[in-house]
Amino acid sequence: MDYSLHPDSARKPLVDADSLTNSEAEVDWQENMEGVPELGRTQRSSGIRSYFDDLFHRRSSSRGAIFLENKFSNMKRSFGKLTSWKIKTVHVYIVFLSLLLLGTIACFGIHVSHDRRKSTTGEGDFAQRSHGHRYVKGHCLPSTDPEGAESPEFVIIQANDIYELGPYIYEGENERSEKDALAGSDVGGLSKLCALKKAYQSKYGKQKVLAVLSGDYLSPSAMSTAKIPTNDITSLQKKHGRDPSAKDAPDFVDRSQPGQDVRSLAGAHMVSVGNKIFDIATFGNHEFDLSKRELNHRIEESWFPWISSNVRFRGNSTKNVFSYRLREAPPVASSKCCKTCTTSQRGLRMAFISATMENFPVPSYVQIMNTAETKVELIRLTRFLRSQRKVDFIVMLTHQSLAADIALIKAFGEEDGLRCNGVNLVLGGHEHESSYGVIGKCAVPLTKSFYNAKAVYVHKIFADSTPKGELKFHVESEFVALDGECPDDSHLNKEITDWWGLAAEAFRKDDLDLKRSVAYLPIRHDLRSELIYTARTALAVHIADALVHCCESQSIDGAIFNTGAIRLDNFIGPGVFSVYDVIRVWPYEDQIELIKINGATVRRIIETSNLVNRGTHGFLQLSSEFSDACMRMSTCGAVGDSCTISGNPIEDDRVYTMALPAYLLEGKQENLEFLEEYRTQGAVSKNRIEKDVRHCLTSYLPIHFPLPE
């Protein structure tokens, strides 16, 4: 695999634009989609890919693992002024420093033993680099270490952005017993993740192996919107309740009550299953899709603690939420004793802190620190952990953009008195693609696992004593694709099946029989986020047209929806499109509303989508009444005659009737908050359509994608 240390002139695109003058950050980046099944792969847009490939002097790859925010593509201009003599100067410095390092090693005999360690996975040697951290493609069963190999202090299995319990349980069980549109997606899932953890615990011991979650777990699950009697939920939770061996598990919370109080599942199934896997979790933005009551219930039901260093809950304190958590390994061997730590009396002490993004519609019951406040708080917390709690190794779980992660890592390295004694390892979430990098002058590993546990990272943390008696660490990170060859956990499968059955029955009562075949997709469609967040796609247009279809009794000019509502982030088809596939594509119970707006407002909506929200959840997909030119704008005021509705240019003074998901009219979509005023001001009489988007799709798709005879 290509893995190189990039010169200073090539670092800057991976940091915020405001930080472009800072020359201290070093970026060592690895793309690692090798081994991930095709259904799980993602690809950067060709323009961004070729730009960064050239800039970093690395070979072009059609398999990009990193989702780079669209704004980075504009940074090319910032580097256009970099002259050739500056590049040569950087190269001279690199050669000089390399020779100096070699000379030092030759003269003083300094060596780092782990740099000579060979790969034990059968996938080739580890990449060699001065900071000692290593990356390798691993396997879902731990490899056999060579005789005398060093044992890690801790093993951390990282997952993030998990929206489903596992692969499609009804594969081959649809009405027609035919290949499902998502066939072949026997990749990932919590059962395989559980089996992976148990395998590593069997090898290294339960105390040493942890599974952590970097946010986005409780929502938006396809099953979470199922309306189920509270007593039925409680009964299943009790059936699969507290494991007697889980000493720290909270007492069972019995929410059963007389009558049949019906509520959304709201992640209860995810917590129940996750209790058998995770040891620590942090919040993603989608945890806050839940109401305060729902989220409090899920936190109370968790056997694992939630850490939240930059999130504060308003009102009553929330139990089982902490600003940090400590874990201590068994005492290390005396050979690891050093001058600056107390590991001769105790094991390695590790702390977990966290950072959650704040640039999303934050509900009123929670307060999230902004970027500057988060930086100050995490540095303060790190100082406290190092000085007062005598922590040796700090792990930061994050759920934010790649750029924000890198900027935060840099902030630790720039802090006087802290420098490289800040965080040691950053485990991120939010982007659904898997990525690995070694960031900054302090060489901090940063990883993001693939969504839905299709691929995860296994981090082995080793401690080394330097000739000066200081304790140093290196991290060996294995990229593990949980494909169809990886084993499931049979015990957990039984619980997952129970939750599936409970949710399926609830959906059936709502006229959404998960097994029912509704359509047949003759070709493969691309619903990956990086594509639908930037461009018009055929299936996305059909989804918008479904909104128009359900408004057939009304006179309507078109439909608009935000692409963030599509949660599949995958290819779909060819094959049978089931009701469950519909819910996986659109898991929200979104009602459809009609509003009347003038042409000037339509232009404003289209311009905001193209010029501000492109590349984000807020990029809009338009129904077929809109011409393709409406989604190809690149400059302000470009909504000209080429952008048409039903073949006619948009007239500023004309009133148009549009169908939108209720979410957009609640003012929750970033940069489109102004739409909230039209919920009442421009509302059409009887403006709410009886069917929600999911039911609209089940009635629309058979018309345009009929099942074969």
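When we follow the working numbering, the leftmost residue of the sequence shown carries the number 4, and every step to the right adds one. For glycine and all other residues, C-beta sits at the position ideal for the given N, C-alpha and C.
Integer Cβ distance of Cys143 from Leu485, believed to fall under 8 Å: 6 Å
Mapping DSSP to helix, strand and coil, what is Ala549? helix
Hey, would you say Met353 sits closer than 8 Å to Phe396, going by beta carbons? Cβ atoms of Met353 and Phe396: closer than 8 Å.
Limits of the alpha helix (DSSP H) - the one that Phe387 falls within: Per DSSP, the unbroken alpha helix (DSSP H) holding Phe387 starts and ends at 374 to 390.
For Gln370, collect the residues of the same chain with a Cβ closer than 7 Å to its Cβ; drop the 5 residues on either side in sequence, then sort them by chain order. Within its own chain, the residues whose Cβ lies closer than 7 Å to the Cβ of Gln370, once the five positions on either side in sequence are excluded, are Arg315, Arg317, listed in chain order.
By how many angstroms is the C-alpha of Pro334 removed from the C-alpha of Asn573? Approximately 45 Å, taken between the alpha carbons.
For a test of the three-state rule: what should DSSP assign to Tyr138, helix, strand or coil? strand
Nearest CA to the CA of Val158: which residue from Arg266, Asn313, Tyr460, Leu710? Tyr460
For Leu495, which of Pro709, Val212, Gly169, Asp219 has the nearest alpha-carbon? Here the closest residue by C-alpha is Gly169.
CB-CB under 6 Å to Arg301, same chain, minus the five flanking residues each way: which ones, in chain order? Leu221, Gly270, Val274
Below 8 Å, can you find three or more Cβ-Cβ pairs linking the region 467 to 476 to the region 497 to 514? Here the region 467 to 476 makes no contact with the region 497 to 514; the two share fewer than three CB pairs at distances below 8 Å.
Consult DSSP for Arg519 and reduce its assignment to one of helix, strand or coil. coil
Which same chain residues, not among the five before or five after Leu329, have their C-beta less than 6 Å away from its C-beta? Ala354
If you draw a straight line from the C-alpha of Ser64 to the C-alpha of Ser437, how long is it? In this prediction, Ser64 has a pLDDT of 30, which is less than 50 and means its spatial position is unreliable; what the coordinates show is noted afterwards. Going from the Cα of Ser64 to the Cα of Ser437 covers about 15 Å.
Euclidean distance between Cα positions of Phe677 and Val605: Spanning the two alpha carbons is a distance of roughly 12 Å.
Hey, is the region 642 to 659 in contact with the region 580 to 588, meaning 3+ C-beta pairs nearer than 8 Å? no
If we call anything under 8 Å between Cβ atoms a contact, is Gln240 one with Glu304? yes
Taking the Cβ atom as the reference point for each residue, do Ile160 and Ala202 lie within a distance shorter than 8 Å? no
Just verifying my parser: in three-state terms, what is the DSSP assignment at Ala484? strand
Rounded separation between Tyr439 and Gly487 - CA only: 23 Å
Quick one: residues in its chain with C-beta nearer than 7 Å to the C-beta of Ser312, no 5 flanking neighbours on either side, listed in chain order? Ser326, Tyr327, Ile356, Ser357, Ala358, Glu380, Leu381, Leu384
Look at the alpha carbon of Gly670 and the alpha carbon of Cys633, and state the distance between them as a whole number of angstroms. Cα to Cα, Gly670 sits roughly 22 Å from Cys633.
What is the residue span of the beta strand (DSSP E) that Tyr659 lies within? Annotation: the continuous beta strand (DSSP E) that includes Tyr659 extends over 658 to 664.
How long is the line joining the alpha carbons of Thr228 and Phe708, rounded to whole angstroms? 26 Å
Just checking, does the region 400 to 408 make contact with the region 277 to 286 on the three C-beta pairs under 8 Å criterion? yes
Between the Cα of Ala522 and those of Gln624, Tyr703, Lys694, spot the shortest distance and give me the residue it belongs to. Tyr703
Taking the DSSP output, what are the residues bridged to Lys599? Thr660
Have a look at Val190, Ile598, Lys200, Lys518 and flag the residue whose alpha-carbon is nearest the alpha-carbon of Ala562. Selected option, being the one with the closest Cα: Ile598.
Per DSSP, cross-strand counterpart(s) of Val212: In the DSSP output, where bridge partners are listed per residue, Val212 has Val158.
For a test of the three-state rule: what should DSSP assign to Ser702, helix, strand or coil? DSSP places Ser702 within a helical segment (H, G or I) once states are collapsed to three.
Quick one: what does DSSP say Met636 is sitting in, helix, strand or coil? coil
Close-in-space but distant-in-sequence residues of the same chain around Gly576 (CB under 7 Å, 5 per side omitted): Ala184, Leu524, Ile526, Arg527, His528
Exposed or buried, what is Asp560 when buried is set at 16 or more other beta-carbons lying within 10 Å of its beta-carbon? buried
Check for me: the beta strand (DSSP E) holding Met226 runs from which residue to which? In this chain, Met226 is not harboured by any beta strand (DSSP E), its DSSP state being neither H nor E.
Rounded straight-line distance, which links the Cα of Lys322 to that of Pro711: 54 Å
For the region 383 to 466, which segments carrying the beta strand (DSSP E) assignment without a break, of at least 3 residues, lie completely within its bounds, in sequence order? 396 to 402, 428 to 431, 438 to 442, 447 to 451
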